[in-house]
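Read in our numbering, the sequence shown has 91 at position 52, and its numbers run on one by one without any break. Note that the Cβ used here is the ideal one computed from N, Cα and C, for glycine as well. Step one of this worksheet: look at the structure below.
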Amino acid sequence: GRLQLDGLNLANDAQYFVVVTLFCHGKVPTYGVPGALSIGTGHDRRCWLRFFEGPAGTDADPSGSLPGMKHSPGFLALVEAAKKAVRQCTAHDVKIRLERGDRFEFVDVREDQEFAVDHAAGARHLGRGILERDIETEIPDHDTDIVLYCGGGFRSALAAESLGKMGYRNVVSMDGGIRAWRDAGYPIAKGTS
């Protein structure tokens with residue numbers, strides 16, 4: 040298909056776009072989204088389109104969550120060290136456990152808005168920003184089997200490492216994250232509940 044906007048005609052076979060909408064309660068902001076095309080859509084909101092080369096979930100987007108994101112070398116070094124220190128599994132491993140009815144906590148550690156867009160069916164949400172603060176209230180037993188996932192396996196590896204330091208003994212990071220889950224065609228849920 041094609042997207043046409045004020046004379047701009049884009050094929051979507053090799054590109055994708057993200058629409059960011061801000062509701063401004065009567066005042067259109069003067070700031071914008073870096074690298075994006077601003078579109079006024081009415082007196083109380085404005086949209087920006089940002090175009091990226093290549094499909095989501097490619098090398099330009101290893102996390103599968105934020106198009107065009109490039110990770111810093113320091114972050115990648117932290118992730119690499121965490122992945123060596125924690126146990127990992129595949130999306131297929133998790134799907135089999137769910138089908139067998141195994142008892143474990145399946146936790147999405149992505150941001151609130153990422154979880155609301157879509158998440159693995161059967162997963163609960165404890166975002167990375169609050170995980171360490173809330174985990175002992177939400178999952179008090181440190182022997183509970185826990186599978187964490189994020190966009191592509193980076194944040195979940197870091198989160199698994201943190202939980203291990205807090206005394207959780209059976210934490211696993213799902214390598215490939217939601218991207219691998221989607222690619223496999225496994226069940227997806229939407230919304231915040």
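Cβ-Cβ separation between E153 and G190: approximately 7 Å, consistent with a contact (criterion under 8 Å).
Secondary structure at I174: helix, using DSSP grouped into helix, strand and coil. K134 is not a Cβ neighbour of Y207, given a cutoff of 8 Å.
Following the DSSP letters along the chain, one finds I169 in no alpha helix (DSSP H), marked with neither H nor E. Looking only at G140, A116, V146, the smallest Cα-Cα distance to E177 is reached by V146.
The residue from S195, A223, H110 with its alpha-carbon nearest to that of K123 is S195.
DSSP places S111 in the coil class of the three-state scheme, outside both helix and strand. With distances taken between CA atoms, G216 lies nearest to L197 out of L202, L197, M205, G203.
Per DSSP, V148 lies in no alpha helix (DSSP H) segment and is marked neither H nor E. Shown here, A196 sits in a helix according to DSSP, grouped into three states. Taken atom to atom, the span from the alpha-carbon of R172 to that of M213 is near 21 Å.
Around the beta carbon of E200, a 10 Å sphere encloses 16 or more other beta carbons of the protein chains shown; the residue is thus reported as buried.
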